[in-house]
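Novice:
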Amino acid sequence: MKLTADLENYILTWGELATHWGLNRTEAQIHALLFLTGASLTMEEISQTLDVARSNVSTSLKELLSWRIIKMVSVRGSRRKHYIAILDVWEMFRSVVYEQRRRNIDPFIGLTREIQAKIEQAKIRTPVEDHALRQIGQLTEFLATSMGWYARLQAMPTATIRQYMKVGSKMLGLRKLL
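For our numbering, add 1041 to where a residue sits in the sequence shown, where the first one is 1.
1. Where does Ala1046 fall in DSSP's three states?
2. Can you grab the Cα-Cα spacing for the pair Thr1186 / Asp1092, in whole Å?
3. For Thr1060, I'd like the list of residues in its chain whose CB is within less than 7 Å of its CB, leaving aside the five on either flank, ordered along the chain.
4. Are the beta-carbon atoms of Tyr1051 and Leu1082 separated by less than 8 Å?
5. With respect to the alpha helix (DSSP H) encompassing Ile1110, which residues constitute its N-terminal and C-terminal limits?
6. Kindly indicate which three-state DSSP category Leu1082 falls into: helix, strand or coil?
7. The beta strand (DSSP E) spanning Ala1126 covers which residue range?
8. Please identify the residue among Leu1074, Glu1155 and Arg1144 whose C-alpha is closest to the C-alpha of Ser1101.
9. When we look at the beta-carbon of Leu1213 and count the other beta-carbons within 10 Å, is it buried (16 or more) or exposed?
10. Would you report the Cα separation of Lys1156 and Lys1217, rounded to the nearest angstrom?
Structural data, given as structure tokens:
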């Protein structure tokens, strides 16, 4: 597949930016290629188009599959595996948020609870530990509230989330008038 200079540049930029949400550059470039073109591509086609080693493409595809932002599909008349991106931006974003929660936030919540329990069990606490315990309490409350909202949003159909966000935007616009 031959890409225009603009698409190539966009894919390279996507590759750099997506490192901030947990993908490496190659994974993000592959995702961008599949997402922007809407094509079902083989590993070889991806490798050639992006000029990336086949082994790197293979590893990256496995990771993208685990993020649930691409999927493997069969193409009639071809024995090779083909890959496509999840094209619905809302569904893609939901998958990314889910993986961020699973990979980063859940372990952090576990660590926070563990440290909180250790400090609470201490027979004698320093003023610094008392302060840390209050801060951890605030953090725990914030995380519990956020994860409660997250659980509610994950249970909703995408169409409902879109409606809530549109209504919320309108309400924020009305607040400016007051």
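Ideal Cβ placement from N, Cα and C applies to all residues, glycine included.
Specialist: Based on what the coordinates show:
1. helix
2. 45 Å
3. Arg1066 and Ala1069
4. no
5. It is not in any alpha helix (DSSP H) - Ile1110 carries neither H nor E in the DSSP assignment.
6. strand
7. His1123 to Ala1126
8. Leu1074
9. exposed
10. According to the sequence shown, residue 1156 is Ile rather than Lys. Their backbone Cα atoms lie some 42 Å apart in a straight line.
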